[in-house]
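Novice: Dropping the structure in here first, questions after.
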Amino acid sequence: MDTNTLAIYIHELRNQCLHIQTAYDLFNQAARNRAGSGILYGGQLVLSSASQISSILWPSRARARGRGDSLRSVLKLTEKHPLNDRRLSELWERSDEKLEEWIARTKGKQVAFDFVGDPTQLGDGVGDDCIFRGYNPNTRIFYLRGVAYNLQALADAISDVGGRVNAVYKQLFPEQAAREAEAAARAAEAQKAAQEQAAQQQAAQQQAAQQQAAQGQAVQQQPAQTTGQADAGADVAQTAAAQEAPVPIDLTDGSENGGAQNDGAGETPAKKTRTASRKAPAKKTAAAKAPAKKPAAKKPAVRKTAAGKKPATAKADSPKAES
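Here it is in structure tokens:
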């Protein structure tokens with residue numbers, strides 16, 4: 001195998017190892033969050049890239065065995081390796097026909113799809129061959145079309161191959177490998193700093209929540225001692241407001257009735273009393289204008305006529321005028 005061909009295969013093997021690492025990260029994150037769909041998706045991604053590596057290093061066809069021998073010789077891999085598994089290397093070959101075969105094998109049986117948990121919980125009628133896709137967290141076994149794959153053993157095997165591939169990659173691409181190593185180191189430092197910052201923020205939030213909870217408990221246990229303090233919380237502010245305002249006002253009633261009931265329940269009686277006392281002088285002024293009409297009633301003509309003709313009538317009229 002020439003150097004250029006070797007470099008291409010090594011480059012592809014390295015990429016598949018990186019893909020598997022990303023798939024395991026996704027799988028582990030989903031497992032921590034108890035996300036069943038993420039667990040199954042991440043596990044199947046692991047099998048996909050692992051199948052690519054297995055088929056490149058241990059090809060099943062005779063015409064490609066020479067390529068496999070050359071690559072394994074460079075990487076110093078033996079035939080007895082966990083990735084040298086025909087079920088793994090041929091995982092996606094004739095996948096539609098394999099699905100039909102699985103359906104035929106499990107006909108009349110109870111089967112399980114996308115199951116995460118202990119298969120024994122499904123009952124005695126469901127065996128490993130009846131699980132189309134699933135994962136057992138107790139044994140770390142991933143099932144696909146009734147075939148069991150140990151993800152932990154698979155991770156160890158990929159780590160072994162990945163270390164060998166990286167060593168050859170550095171020899172073939174020294175400058176590029178150095179740049180990638182520096183970039184990876186910077187990314188790791190940035191990720192570490194981000195994690196530390198996130199941890200600090202989370203700790204600060206937890207501390208603030210604890211302090212707020214402690215203050216809330218203190219207000220509930222000793223309301224009399226905390227009344228009047230500006231930073232004692234909403235309950236204390238309401239207590240102080242109730243002490244300062246002897247007559248509370250219901251804003252809801254005021255909004256519905258135009259403020260009439262609010263004013264009646266509050267300070268309106270004093271306003272009504274003052275308004276009545278102010279309007280009273282107007283009535284007195286009207287009464288004071290009455291004497292102006294009485295002088296108008298004393299007509300000189302009436303008195304002269306009364307004095308000339310009827311003295312008795314004049315005497316009767318004069319007391320009325322005086323009154």
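Residues in the sequence shown are numbered consecutively from 1, following the UniProt record's numbering.
Glycine included, every Cβ here is placed at the ideal spot set by N, Cα and C.
As a quick exercise: from His19, Val46 and Leu13, pick the residue whose alpha carbon is nearest that of Ala153.
Specialist: Walking along the sequence shown from the start, residue 153 turns up at place 153. With distances taken between Cα atoms, Ala153 lies closest to Val46.
Novice: Closest to Leu13 by C-alpha separation, out of Leu144, Arg164, Glu90 and Lys76, would be which residue?
Specialist: To locate residue 13, count along the sequence shown from 1; it is residue 13. Nearest C-alpha to Leu13: Arg164.
Novice: Return the residue from the list Ser37, Val111 and Ile10 that minimises the CA-CA distance to Arg72.
Specialist: As a working mapping, residue 72 is identified with position 72 in the sequence shown. Nearest C-alpha to Arg72: Ile10.
Novice: Please determine if the stretch 28-43 and the stretch 125-136 are in contact, where contact requires at least 3 C-beta pairs separated by less than 8 angstroms.
Specialist: Yes: the two stretches touch, three or more of their Cβ pairs being nearer than 8 angstroms.
Novice: Regarding Arg133 and the ligand GDP, is the C-beta to nearest heavy atom distance less than 7 angstroms?
Specialist: This structure lacks the ligand GDP, and indeed carries no ligand of any kind.
Novice: Quick check on DSSP: helix, strand or coil for Val161?
Specialist: Counting from 1 along the sequence shown, the entry for residue 161 is found at position 161. If DSSP states are grouped into helix, strand and coil, Val161 belongs with the helices.
Novice: Exposed or buried, Phe113, counting other C-beta atoms within 10 Å across all chains shown (16 or more means buried)?
Specialist: If you number the sequence shown from 1, residue 113 lands on position 113. Looking at its Cβ environment, which holds fewer than 16 other Cβ atoms inside 10 Å, Phe113 is exposed.
Novice: Is the Cβ-Cβ distance between Leu57 and Leu83 less than 8 angstroms?
Specialist: Reading the sequence shown from its first residue, position 57 is the one you call residue 57. Reading the sequence shown from its first residue, position 83 is the one you call residue 83. Yes, the Cβ-Cβ distance between Leu57 and Leu83 is below 8 angstroms.
Novice: Compare the beta carbon distance of Ala64 and Leu88 with 8 angstroms and say whether it is the shorter of the two.
Specialist: Taking the first residue of the sequence shown as 1, we reach residue 64 at position 64. Taking the first residue of the sequence shown as 1, we reach residue 88 at position 88. No, these two residues do not count as a Cβ contact at 8 angstroms.
Novice: In whole angstroms, what separates the C-alpha of Asp156 from that of Ala214?
Specialist: Translated into positions along the sequence shown, residue 156 becomes position 156. Translated into positions along the sequence shown, residue 214 becomes position 214. Computed Cα separation, rounded: 49 angstroms.
Novice: Whole-angstrom Cβ separation of Pro119 and Val126, contact assumed at under 8 angstroms?
Specialist: Working through the sequence shown from its first residue, we reach residue 119 at position 119. Working through the sequence shown from its first residue, we reach residue 126 at position 126. Contact holds; Cβ gap of about 6 angstroms.
Novice: On the DSSP bridge assignment, give the partners of Val147 in chain order.
Specialist: As a first step, residue 147 is located in the sequence shown; it is residue number 147 there, counting from the start. Paired residues: Leu144.
Novice: Could you tell me whether the Cβ atoms of Asp128 and Ala104 are closer together than 8 angstroms?
Specialist: As a first step, residue 128 is located in the sequence shown; it is residue number 128 there, counting from the start. As a first step, residue 104 is located in the sequence shown; it is residue number 104 there, counting from the start. Contact flag unset, no.
Novice: Which one or two residues does DSSP pair with Ile131 in a beta bridge?
Specialist: Walking along the sequence shown from the start, residue 131 turns up at place 131. Per DSSP, Ala112.
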